[in-house]
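As you go down the protein sequences, you meet chains A and B in turn. Residue numbers for the first sequence follow our numbering, beginning at 953 and rising by one. Residue numbers for the second sequence follow our numbering, beginning at 41 and rising by one.
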Amino acid sequence: MSEVVRLPAVKRIEGHGHISLFLDDNGRVQDAHFDITEFRGFEKMLLGRMVWEMPLITSRICGVCPVSHHVAAVKAVDAMYEVKIPRPARLLREVLHLGAFTQDHALHFFFLAGPDFLTGDGKSSTDILGVVQGSPELALKAIGLRKTGQRIVELVGGRASHPVAAIPGGMSRALAPEARDEILASVREGFPEALAAAEIARQATRRLMEANPTYGASGMPMMAQLGPEEAFDLYEGQILVAAPDGSVIERFDARGYADHIGERVLPNSYAKAPYLLSLGPEKGSYRVGPLPRINMTASMPGPHSSELLDSFRSDLGRPVNALLAYNWARMIELVACYERLTTLLEDDEIVSDDVRVKVERGPGSGTAAIEAPRGTLVHHYEADDVGRVTKADLVVATTHNTSSLDGAVRDAALGLDGEEATDKTTIRRMEIGIRAHDPCLSCATHEFGRMPLSVSIVNAAGEVLDVRGAV
Amino acid sequence: MSKTRLAHVVLGGCEGCYVSLLDAHEDIVALLESVELVYSPLVEETEMQKCDVVLVEGAVTTAHDVEALREARQKADTLVGVGSCAVLGGIGGLRNLYGRDEVISAVYGDEERPGDGLPGLTKRVRPLSDIVKVDINVPGCAPKTETLLSALDAAIAGEEWEMPRRNMCEECKREKKALLQHSAEFVSDSVYGLMELDQIDPERCFLEQGLICMGPMTREGCGARCTEANVPCRGCQGPSRLDFEQGAKMVDALAAVLPAGGIMYLDDLIGTGYRFSMPVSVFPSVVSEGDDEDV
């Protein structure tokens, strides 16, 4: 292997990352990786903390999806103490989770990935400023969808940033009837906007895929947690793994994750790469997130999302392996969240005062998984007699996608020479492919932290020839 | 008059502060129209630009952070440290309890290490003010949207901006009774976790219910949203004065209220008392033997 090319920082992703291109003796790209450059060490920092504090501490792994960690952690502690929470608390937690999901998906679609294809008329800049200045009506849609989602998180979780109300045993407080009325009204009012976003995503995805017909289209195994009978369920269920042809090859409960998922250390990244133990580190890479969920799910939570799923499948087939379809899948999920939120909020038990059971501290071990906006998220804890954490293990969505992210880069650059591989069009394609996953480096680097995209070029002797872009 | 040139730099953190800024919702449009956003995670520009105001969130955790922070200082007239990671080192500062090698081993094992080409980790997680002069500090994890906007307005106008000075109890609506009376008894028989209470009383001070609440040792300005949501304060705004030891002050304040043995054995002094302020405390950072020179 001959040269490594480091490209400029990838922007409009949650965090800091870097692309390395490895050249062969003829100076052509023979391998490429997307690397994560920050480290925080959460799994060590959690040791010695009280286990019931995990939902409050791990939410700080990510400012974009704090609710995912908050809810995964609280479910893991419930599992540790074998707690069955009251139904109203279960409803509230799911509302909290879905509210966060909608704001996250809207943020990504319109402000992070969206500029790649929503305002690509060559006139406006391809970033948030381009959206705000070039398409103010799109910006207002995004803002409206985010605002509804964040208001739900605030009213149910206590704060919009790093919410606090999910506690082992249930919720710290009930939802006030006025708050329920407000949320339900805004969800109903916002529903047409969610549908409109799905339509925008459908058209944009078709344009993107027509312009890049073979890009990022090779399949790999997929993972998602689904509800009973493979229903779309972001809160709880069983973890399924499907082969690239869509057939289910593994099925397990979150508590068995360590028997199915291994992790390997990567030479150039602070992120570790999970793989399926059954297939081994070389072949066992897989993908998570909206596209696998939409591929693997058998039924959606309402008529509109069901219809959207049908049209997705009739247009693109099942399963869809093309990375660029992630954006459309993401907006179908947005509609599904709105439908599910409506069902949950119309249930009168949602305002019941019966929101918690008392939980006693003690030793134990607990694991739980939820579907975070970017994919399956697993939290595992062990605690001693007084409830102090003795072991913590977190497998987060973006790290599951490590190989798929590498593939997005490799697919754009393989076989090109150093110049071609770092020209604007190629980098742009890599970035679109990376962003389609909505990688969150804060999460991937809970162990780690963030990702600016820069690219380095490494020659066959392993020497770094060039580093381009912001660090 | 030309528009203020604004930049936003993210160091070691979670990006929750920029989400809090985005939570200004419609007001973001007006903000983006009133300034020239020259560098941010949200815009394409990949090089830090010369600017009037830079918002820096996150703590200093890697060699890259040190460089980026120095560059930000050099290129900006006013540097605003946003969030508890920037101001206090923040939650990632709990890493300072362990040597750098120890943390890396805990994550990757002893066999393999992520290697060359990655920015090296600093020995300790540090607040911005350890490296450069910070003009305005806005603590909070994350700071409230309105607080962020008010600090930003001040920075744009070239005005000073002060953190509030009292403690969080001043904002909290809960009632203190036993705490205000002379008594030879502790107000609680033990120290509990929130999940262990039979009932969580939404009106009464958490300390009186036997829970550790960081309100008395924590700067106000958060709006007491956690205690309002029936969850005790965890001190995310940092100590009410930067020269206070937040965790030590917790022990001091609680010794009169909760049985000391309970605090020692039934809760986590460090992880609760210093959750957000470890890097600015006198608590010694652990530096493992064999750690290389700091970056």
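Heads up, the beta-carbon is just placed ideally off N, CA and C, and yes, glycines get one too. Since the model is a prediction, treat every value here as computed from it, not as a measurement.
Beta-carbon proximity list for residue i, same chain, < 7 Å, skipping 5 on both sides
{"i": "residue 325 of chain B", "result": "136, 164"}
{"i": "residue 166 of chain B", "result": "99, 100, 129, 319"}
{"i": "residue 1273 of chain A", "result": "1169, 1170, 1171, 1196"}
{"i": "residue 1050 of chain A", "result": "1186, 1289, 1292, 1293"}
Nonlocal neighbours in the same chain, by C-beta distance under 6 Å from residue i, ignoring five residues either side
{"i": "residue 1390 of chain A", "result": "1060, 1326"}
{"i": "residue 1100 of chain A", "result": "1138, 1142"}
{"i": "residue 1074 of chain A", "result": "Because the pLDDT of residue 1074 of chain A is 47, which lies under 50, any placement of that residue in the model is unreliable, and the number read from its coordinates should be weighed accordingly. Excluding sequence neighbours, residue 1074 of chain A sits near nothing in its chain."}
{"i": "residue 1324 of chain A", "result": "1017, 1020, 1349"}
{"i": "residue 1109 of chain A", "result": "1048, 1115, 1117"}
{"i": "residue 299 of chain B", "result": "226"}
{"i": "residue 254 of chain B", "result": "273, 274, 275"}
{"i": "residue 984 of chain A", "result": "973, 1361, 1362, 1365"}
Of the listed residues the options, nearest to residue i (C-alpha basis)
{"i": "residue 1131 of chain A", "options": "A/1150, A/1145, A/1107, A/1148", "result": "A/1107"}
{"i": "residue 1315 of chain A", "options": "A/1305, A/1309, A/1340, A/1156", "result": "A/1340"}
{"i": "residue 140 of chain B", "options": "A/993, A/1053, A/1006", "result": "A/993"}
{"i": "residue 1435 of chain A", "options": "A/1092, A/1234, A/1195", "result": "Outside the displayed span of chain A (953 to 1423) sits residue 1435 of chain A, for which this structure offers no information."}
{"i": "residue 208 of chain B", "options": "B/277, B/184, B/216", "result": "B/277"}
{"i": "residue 1244 of chain A", "options": "A/982, A/1030, A/1279", "result": "A/1279"}
{"i": "residue 1120 of chain A", "options": "A/1173, A/1013, A/1008", "result": "A/1008"}
Closer than 7 Å: residue i CB and nearest the ligand ADP heavy atom
{"i": "residue 67 of chain B", "result": "Inclusion of the ligand ADP in the displayed structure is not the case, the ligand content being empty and no account of it being possible."}
Bridge partner(s) assigned by DSSP for residue i
{"i": "residue 102 of chain B", "result": "B/161"}
{"i": "residue 1296 of chain A", "result": "Its beta-bridge partners do not exist; DSSP assigns none."}
{"i": "residue 121 of chain B", "result": "B/96, B/177"}
{"i": "residue 1279 of chain A", "result": "Looking at the DSSP assignment, residue 1279 of chain A forms no beta bridge with any residue, so it has no partner."}
{"i": "residue 1114 of chain A", "result": "Looking at the DSSP assignment, residue 1114 of chain A forms no beta bridge with any residue, so it has no partner."}
{"i": "residue 1332 of chain A", "result": "A/1319, A/1345"}
{"i": "residue 1177 of chain A", "result": "A/1191"}
{"i": "residue 1251 of chain A", "result": "A/1183"}
Spatial distance of residue i from residue j (CA atoms)
{"i": "residue 83 of chain B", "j": "residue 172 of chain B", "result": "25 Å"}
{"i": "residue 1320 of chain A", "j": "residue 1367 of chain A", "result": "42 Å"}
{"i": "residue 68 of chain B", "j": "residue 1261 of chain A", "result": "34 Å"}
{"i": "residue 1151 of chain A", "j": "residue 1086 of chain A", "result": "19 Å"}
{"i": "residue 1375 of chain A", "j": "residue 1364 of chain A", "result": "11 Å"}
{"i": "residue 1398 of chain A", "j": "residue 1111 of chain A", "result": "Interpretation of residue 1398 of chain A is limited by its pLDDT of 41, a score under 50 that renders its predicted location unreliable; the figure taken from the coordinates is listed afterwards. Distance between the alpha carbons of residue 1398 of chain A and residue 1111 of chain A is about 22 Å."}
{"i": "residue 1076 of chain A", "j": "residue 1082 of chain A", "result": "Note on residue 1076 of chain A: pLDDT 49, under 50, position unreliable in the model; no value is reported."}
{"i": "residue 1300 of chain A", "j": "residue 1135 of chain A", "result": "14 Å"}
{"i": "residue 1067 of chain A", "j": "residue 239 of chain B", "result": "49 Å"}
{"i": "residue 64 of chain B", "j": "residue 1089 of chain A", "result": "17 Å"}
{"i": "residue 146 of chain B", "j": "residue 1145 of chain A", "result": "46 Å"}
{"i": "residue 1052 of chain A", "j": "residue 1295 of chain A", "result": "17 Å"}
{"i": "residue 1403 of chain A", "j": "residue 1165 of chain A", "result": "Confidence is the limiting factor: at residue 1403 of chain A the pLDDT is only 33, short of 50, which leaves the residue's position unreliable, though a coordinate-based value still follows. Cα to Cα, the separation comes out at about 28 Å."}
{"i": "residue 110 of chain B", "j": "residue 132 of chain B", "result": "20 Å"}
{"i": "residue 190 of chain B", "j": "residue 1352 of chain A", "result": "39 Å"}
{"i": "residue 267 of chain B", "j": "residue 212 of chain B", "result": "7 Å"}
{"i": "residue 1384 of chain A", "j": "residue 283 of chain B", "result": "47 Å"}
{"i": "residue 1334 of chain A", "j": "residue 1147 of chain A", "result": "43 Å"}
{"i": "residue 1421 of chain A", "j": "residue 86 of chain B", "result": "Low confidence applies to residue 1421 of chain A: its pLDDT is 45, below 50, so where it sits in the model is not reliable, and the reading given next is rough at best. If I take the Cα positions, the gap works out to 6 Å."}
{"i": "residue 1102 of chain A", "j": "residue 1162 of chain A", "result": "35 Å"}
{"i": "residue 1230 of chain A", "j": "residue 1259 of chain A", "result": "35 Å"}
{"i": "residue 1347 of chain A", "j": "residue 1001 of chain A", "result": "19 Å"}
{"i": "residue 186 of chain B", "j": "residue 71 of chain B", "result": "13 Å"}
{"i": "residue 306 of chain B", "j": "residue 251 of chain B", "result": "11 Å"}
{"i": "residue 1396 of chain A", "j": "residue 1010 of chain A", "result": "Note that residue 1396 of chain A has pLDDT 48, beneath the 50 cutoff, so the model's placement of it is unreliable and the number below is only indicative. Approximately 13 Å, taken between the alpha carbons."}
{"i": "residue 323 of chain B", "j": "residue 1286 of chain A", "result": "46 Å"}
Nonlocal neighbours in the same chain, by C-beta distance under 8 Å from residue i, ignoring five residues either side
{"i": "residue 115 of chain B", "result": "47, 88, 89, 90, 91, 94"}
{"i": "residue 108 of chain B", "result": "49, 51, 88"}
{"i": "residue 1038 of chain A", "result": "1122, 1304, 1306, 1307, 1308, 1309"}
{"i": "residue 269 of chain B", "result": "none"}
{"i": "residue 77 of chain B", "result": "46, 47, 48, 83"}
Next item on the list: With 7 Å as the C-beta to C-beta threshold (strictly closer), list the residues of the region 1297 to 1327 of chain A near chain B in chain order.
Entry: Answer set for the region 1297 to 1327 of chain A: 1310, 1311, 1312, 1313.
Item checked: Short-range partners of chain B found in the region 1103 to 1114 of chain A, where Cβ spacing is below 7 Å -> 1110, 1111, 1112, 1113, 1114
Checklist line | Residues in the region 1123 to 1142 of chain A having any Cβ partner in chain B nearer than 8 Å | finding: 1124, 1125
Next item on the list: Can you give me, in chain order, the residues of the region 1011 to 1029 of chain A that have a beta carbon less than 7 Å from any beta carbon in chain B?
Entry: 1012, 1013, 1014, 1015, 1016, 1018
Note to self: At a CB distance below 8 Å, what residues from the region 1328 to 1343 of chain A approach chain B? Give them in sequence order.
What the structure shows: 1338, 1339, 1340
Item checked: Proximal residues, the region 173 to 198 of chain B versus chain A, C-beta separation under 7 Å -> 181, 182
Notebook entry, point to check: Using Cβ-Cβ distances below 8 Å, what residues of the region 242 to 271 of chain B are close to chain A?
Noted result: 242, 265, 266, 268, 269, 270, 271
Next item on the list: Check each residue of the region 1088 to 1104 of chain A: if its Cβ is closer than 9 Å to any Cβ of chain B, include it; give the result in chain order.
Entry: 1088, 1091, 1092, 1095, 1096, 1098, 1099, 1102
Check: For the region 41 to 67 of chain B, which residues have a CB atom closer than 9 Å to at least one CB atom of chain A, in sequence order?
Finding: Of all residues in the region 41 to 67 of chain B, 50, 51, 52, 53, 54, 55, 56, 57, 58, 59, 60, 62, 63, 65, 66 have a Cβ within less than 9 Å of some Cβ in chain A.
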